[in-house]
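Inspection log for the structure reproduced underneath, given as structure tokens.
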Amino acid sequence: MNNISLPLDKLCENLKSQVPPLLKKNNIPGLALCMFKGDKIILNLEFGVKNSQTKEPIDARTVFEGASFTKPMIGYAALKLCQQGLLSLDKPLRSYLVAPYKGDPPLLEKVTLRHILSHYSGFPEYMLGPLEPLMFAFYPGSKYGYSNSGFNYLAHVIENLIEMPIADYLKQTILIPLQMNDSSFIWEPRYESQAATPHNRKGEPVEKWKPKKVVGACSLHTTPTDFAKFMISIIHQAKQSSNEQAINMLDEQVSAEKGIFTSLGWGIEKTVQGDVFYHAGNTVTFKSMAAAFREQELGVVFMTNSISGYHIFENMLALTLGGNHKAISDIEEFDKEDLVIDAIGENYLVNWWYAYSI
227 MNNISLPLDK LCENLKSQVP PLLKKNNIPG LALCMFKGDK IILNLEFGVK NSQTKEPIDA
287 RTVFEGASFT KPMIGYAALK LCQQGLLSLD KPLRSYLVAP YKGDPPLLEK VTLRHILSHY
347 SGFPEYMLGP LEPLMFAFYP GSKYGYSNSG FNYLAHVIEN LIEMPIADYL KQTILIPLQM
407 NDSSFIWEPR YESQAATPHN RKGEPVEKWK PKKVVGACSL HTTPTDFAKF MISIIHQAKQ
467 SSNEQAINML DEQVSAEKGI FTSLGWGIEK TVQGDVFYHA GNTVTFKSMA AAFREQELGV
527 VFMTNSISGY HIFENMLALT LGGNHKAISD IEEFDKEDLV IDAIGENYLV NWWYAYSI
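The opening residue of the sequence shown carries number 227 in the working numbering; numbering runs sequentially from there.
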């Protein structure tokens, strides 16, 4: 069962008693969470510290690397352009570009916005380096394959289309209207004191990532409260989707894997209590999760400043939303990442992200 009928004070009591032991067991320095019901924020809780050495406590305005939380926001911006007639869901995105993109492989002519948002693009999962040519993993539209580089391509298309810095465009069209006042798609000086520090598996602080340009897959810096505001707006717009101009981000598109479906920017989990739309965030040393029951309009965002944060996803979803959400906790995928980290070292992976702060 879910936690829709659970009294708020009982929910808060459960979290305050059960989260600290989870953090300690998994060597996670800090976590912040926000829950919402309908269009109201109903709960903010913070646990632990921003930095394991300085011991500065996490608060409600502590900023975390949002990682792949960036993707649905880039998708939202693209769908806004569709509503304005500037983009199409099913027209090849290459047609909006004049200059070649990463070698212009022939299959690029097949990739549409719908392919990118539903992860059916054929783009590889890994992050392409700034000068690395694009090599397709499979034929666009033929199967599911989660892709970071596909969203970097989408951000590139959007920036060329709007003819202004995409960071400014995203701020004007999303962050300011939704009052996401602590969020940015590029590093801001205020984050020197406001942002949580990332930590390795030993619980040791490591270098912060400070992106100087928008990375469509992962550069968002945000708080649980700010991202909850975005999710609330998505639910609200889904209810308005009878409008012929509206495009519902939560419309189910295709089957993904393990009983999960994709929408236009989110994963969709089918449960007996109803559909849950969700997205995880992972920039190696930050792990986060956002999930909500669409019909009941109950949601949670929780963010950690640790490489080990994924170990508590399943427990946190059970404590907040209720029920079993093993399918979206993606433990197996993160365990694979751990094997890679053991083989090549966590610094190598982190440097993939740092390449984009140049």
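All C-beta atoms in this analysis are idealised placements derived from N, C-alpha and C, irrespective of residue type, glycine included.
Worksheet item: Looking at the structure shown, is His-537 part of a helix, part of a strand, or coil, going by DSSP?
Response: In this structure, His-537 counts as helix in the three-state DSSP scheme.
Item to complete: Please report how far the alpha carbon of Pro-326 lies from the alpha carbon of Ala-421, in whole angstroms.
Response: Straight through space, the alpha carbons of Ala-421 and Pro-326 are spaced by roughly 37 Å.
Discussion item. Rounded to the nearest angstrom, what separates Lys-397 and Ser-410 at their Cα positions?
Written reply: Cα to Cα, the separation comes out at about 7 Å.
Worksheet item: Does the distance from the CB of Ala-258 to the CB of Thr-288 come in under 8 Å?
Response: Yes, Cβ-Cβ distance for Ala-258 and Thr-288 is below 8 Å.
Discussion item. Let me check understanding here. Comparing Cα to Cα, which of Asn-253, Ser-243 and Gly-292 lies closest to Val-527?
Written reply: For Val-527, the closest of Asn-253, Ser-243 and Gly-292 by C-alpha to C-alpha distance is Gly-292.
Item to complete: State the Cα-Cα distance for the pair Leu-334 and Ala-393, rounded to the nearest angstrom.
Response: Straight-line spacing of the CA atoms in Leu-334 and Ala-393 works out to 25 Å.
Item to complete: Go to Lys-513, then tell me how far its beta strand (DSSP E) extends in each direction, as first and last residue.
Response: Per DSSP, the unbroken beta strand (DSSP E) holding Lys-513 starts and ends at 513-519.
Discussion item. Judging by CA-CA distance, which residue of Asp-452, Ile-554 and Gln-466 is the nearest neighbour of Met-261?
Written reply: With distances taken between Cα atoms, Met-261 lies closest to Asp-452.
Worksheet item: Within 10 angstroms of its Cβ, does Leu-357 collect 16 or more other Cβ (buried), or is it exposed?
Response: Exposed, by the Cβ-count rule.
Item to complete: Evaluate Glu-523 with the Cβ neighbour count: other Cβ atoms within 10 Å of its Cβ, from every protein chain shown; 16 or more gives buried, anything less gives exposed.
Response: Counting the other Cβ atoms within 10 Å of the Cβ of Glu-523 gives 16 or more, which makes it buried.
Worksheet item: How would you call Asn-550, buried or exposed, if buried means at least 16 neighbouring beta carbons within 10 angstroms?
Response: Around the beta carbon of Asn-550, a 10 Å sphere encloses fewer than 16 other beta carbons of the protein chains shown; the residue is thus reported as exposed.
Discussion item. Quick check on the burial criterion: 16 or more other C-beta atoms within 10 angstroms. Buried or exposed for Lys-513?
Written reply: Classification for Lys-513: buried.
Fill in: Neighbour-count burial assignment, Gly-348, 16 or more Cβ in a 10 Å radius
Buried: at least 16 other Cβ atoms inside 10 Å.
Item to complete: Quick one: residues in its chain with C-beta nearer than 6 Å to the C-beta of Arg-320, no 5 flanking neighbours on either side, listed in chain order?
Response: Excluding residues within five positions, the ones whose Cβ falls inside 6 Å are Leu-334 and Glu-335.
Worksheet entry | Opposing strand residues paired with Cys-260 [DSSP bridges] | Partner(s): Asn-270 and Val-527.
Worksheet item: Quick one: what does DSSP say Phe-456 is sitting in, helix, strand or coil?
Response: Phe-456 sits in a helix when the DSSP states are folded into three classes.
Worksheet item: Helix or strand or just coil, what does DSSP make of Leu-490?
Response: Reduced to three states, the DSSP call for Leu-490 is coil.
Discussion item. I'd like to check one pair, Tyr-395 with Ile-402: are the Cβ atoms closer than 8 Å?
Written reply: Cβ distance not < 8 Å, so Ile-402 and Tyr-395 don't count as in contact.
Worksheet item: Hey, how far is the Cα of Ile-538 from the Cα of Val-245?
Response: Distance between the alpha carbons of Ile-538 and Val-245 is about 9 Å.
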